[in-house]
Ligand code: ADE
C-alpha cells in the first residue's frame, strides 16, 4: 500500500511513523508513506496557499490551485483508489472504514487547515471525507495520523499473531473482553479462575460472554446496529 499525505505541516505528521508498529511496517516495505508540503505547490512568490473567503466571513480558505497541482501530479504517476479529506464534518471513522481502506493499493489524504478547503476541491477531487470524532482539531494532520495507524496495522504481515487485529475491540461490533497477565494473584486481587483452567472451550465461552457484557454496559449502541 502507498499513502500520500498532503499537508502544510509535514513536521506534525512524521513522528508517528518513526516508532513501533508503523515504523516496522515501513521498514518491512508493507506500506510507503509520502509527505507533500502544500506550500511547494503554491503559485505565488509568498508560498501562499490560503486566501480570504468570497462573500466575507472570518477565517482563511485553502485555495484550489496548489491542491489541484499536487493531486493532479500524483494522479499522473499512478492510479489512486481514494482521495480522502480530513474534516470534522466528514463521516466518523469506524473500524469498518479502516478495514475498507486497508484493502486499497494507493490513497491520498488531504489535511485541512483554517476554515477548510475551497468547496470545489471537495466537489472535484475528494472521494471520501473523514472525521475522527465530533470535536474540532486545529488541523487534519493528527486525524490523518489516526487513520493511517488504524489502516496500516491491518495490512497483512504488519501485526504478529500475538497482536492479531482480529481480536480487537470493534472488529465484530463487540468490545474486547477483559485481559490479565501474571501474577495470577496480586494483593489478594485474583485473575478469574477460568482463565487459569487450561480449558480452551470454557475460556472462549467466558471471553464471548464478557465481550457481550462489556458491550452492553459501555456501548449498547453497537448492539443495536
Ligand atoms: N480536522 C479538524 N478537526 C477534525 C476532526 N475531528 N476529524 C478530522 N479532521 C479534522
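Numbering (UniProt numbering), first residue to last: 1 to 225. Glycine included, each C-beta is placed from N, C-alpha and C at the ideal position. All values reported here derive from a predicted model rather than from experimental measurement.
* **Simplified DSSP assignment, three categories, for residue 97** => helix
* Supposed contact pair residue 125 and residue 71 - C-beta distance, whole angstroms, cut 8 Å -> Contact check for residue 71 and residue 125: beta-carbon distance about 5 Å, within the 8 Å limit, so the pair qualifies.
* Asked: Where does residue 33 land, buried or exposed, given buried means 16+ other C-beta within 10 angstroms?
  -> buried
* Asked: Under 8 Å, do residue 105 and residue 1 count as touching if we go by C-beta distance?
  -> yes
* Limits of the beta strand (DSSP E) - the one that residue 130 falls within -> 128-131
* Asked: Just how far apart, CA to CA, sit residue 118 and residue 194?
  -> 58 Å
* Asked: Is residue 185 helix, strand or coil by DSSP?
  -> strand
* What three-state label does DSSP hand residue 87 in the structure shown? -> Residue 87: strand per DSSP, three-state reduction.
* **Cβ shell of residue 136 (< 6 Å), same chain only, five flanking positions each side left out** => Contacts found: 88.
* DSSP-derived helix/strand/coil call for residue 79 -> coil
* Asked: To the nearest angstrom, how far is it from the Cα of residue 64 to the Cα of residue 55?
  -> Taking the CA atoms as reference points, residue 64 sits about 17 Å from residue 55.
* Mind checking which residues open and close the alpha helix (DSSP H) that includes residue 117? => Careful: residue 117 lies outside any alpha helix (DSSP H) and carries neither H nor E.
* If you run the structure through DSSP and keep just helix, strand and coil, what is residue 168? -> coil
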